[in-house]
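In this text, residue positions in the sequence shown follow the numbering used here: the first is 908, and each later residue adds one.
Right, one structure below, let's go through it.
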Amino acid sequence: MISSPEAIAPIRKSQQIQYENQGFIYLPQLLNPALTKRVLDGYERACKAHIDPVRAQQVKPHYDIARILDEDIVFSELATLPELQPYLLATLGEDVQLVQATARLFPPGKTFTAPWHSDMANTLGIDLAHSNKFHVKVHFYFEDMAPDQGCLAFLPGTHRLPREMERPNPKDINAAEDSVIIVPKAGDAVLFNTHCLHMCLDNNSPKDRRTLIYSFSHFWVKQFPGARPSNPAWIPEGSLERQIFGLGVDGLDIFDQRPWQGPEPSALRKAKEHLARKLLG
Ligand SMILES: O=C(O)CCC(=O)C(=O)O
């Protein structure tokens, strides 16, 4: 079945403005309780199989499962979640694709992220201050977080700083006073522009922080291994859903992928409109 763009309600203008200006959106209760429980169960099974044995051998600042999509169909469902789709379309565009999916466990301890970093700071060939629809991450939560449990924090608006402008010195930043710290509950998600300065704060709680982290970008961006489930039956039928897993519509150029039936690829349409304007004077 090919869905139509009208089937997906756009996000609210206020959310779009907030995202464009601040660089992140907090999405409380994006996952319903039944889905949240399935995600938690799937994560715990995967953790038992892949993280527990490593952890028994080696102490690491954090533990990742890079091929989480192969562990349970529920992790593929998250990537194409209907409630998430309007946000992906608004923050990236119609050619959205999943590029990486990871399950992460962050044990109590100091943060493993660089203080106030952009994931994209060294990206060549694109000026991210002018391209705020390039790359987003979604962190999914399936249990309530405590404020000191390694939460995400952002310096709002910093994705828009010109490349040549000096970034704030981490020594001058007091997270509690200068940043926005998100303390999510089970079922929540946080979507952010990965060029916005952010970090994961220390996990000073006695509990592991357990999350899922999915990265999305455009159809022409290279996917990490594991960004598509090995079992093709776990890829839903819809054209947007297939595109999210890197399976485009045959006959459409890689730079012009759109999931929707009907409209021609935008480059072709624009060329035709241009020609028509010329012919008709
Ligand atoms: O909270 C984490 O696990 C990592 C946060 C981060 O820096 C990221 O997702 O880019």
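We put the CB at the ideal spot given by N, CA and C, even for glycine.
Please read these numbers as outputs of a predicted model, since none were measured by experiment.
Residue i - DSSP class collapsed to helix/strand/coil
| i | result |
| --- | --- |
| residue 1107 | strand |
| residue 949 | helix |
| residue 1042 | coil |
| residue 1099 | strand |
| residue 1013 | strand |
| residue 1080 | coil |
| residue 1025 | coil |
| residue 1182 | helix |
| residue 908 | At residue 908 the pLDDT is 38, less than 50, meaning the model places this residue with poor confidence and gives no usable figure here. |
| residue 1124 | strand |
| residue 1005 | strand |
| residue 1162 | helix |
| residue 1134 | coil |
| residue 1071 | coil |
| residue 1030 | coil |
| residue 999 | coil |
| residue 1020 | coil |
| residue 1151 | helix |
| residue 1141 | helix |
| residue 1241 | Nothing in the structure corresponds to residue 1241, since the chain is present only between 908 and 1188. |
Burial state of residue i, where buried means 16 or more other Cβ atoms lie within 10 Å
| i | result |
| --- | --- |
| residue 963 | exposed |
| residue 1157 | exposed |
| residue 1184 | exposed |
| residue 1088 | exposed |
| residue 1010 | buried |
| residue 1006 | buried |
| residue 937 | buried |
| residue 1042 | buried |
| residue 1094 | buried |
| residue 1092 | exposed |
| residue 1186 | exposed |
| residue 1100 | buried |
| residue 1110 | buried |
| residue 1039 | buried |
| residue 1096 | buried |
DSSP bridge partner residues for residue i (one or two, in chain order)
| i | result |
| --- | --- |
| residue 1056 | 1110 |
| residue 1089 | 1059 |
| residue 1119 | 1010, 1047 |
Ligand 2 heavy atom lying under 8 Å from the CB of residue i
| i | result |
| --- | --- |
| residue 1097 | Summarising the ligand content, the structure contains ligand 1 and does not contain ligand 2. |
- Query: Can you list, in chain order, the stretches of the alpha helix (DSSP H) that have 4 or more residues and sit fully within the region 910 to 991?
  - Reply: For the region 910 to 991, whole alpha helix (DSSP H) runs of length 4 or above, ordered along the chain, are 920 to 929, 940 to 953, 959 to 964, 980 to 986.
**Asked** Near ligand 1, which residues have their beta-carbon less than 7 Å from any of its heavy atoms, given in chain order?
**Response** Qualifying residues come out as 969, 1011, 1013, 1020, 1024, 1026, 1044, 1046, 1057, 1059, 1101, 1105, 1106, 1107, 1118, 1120.
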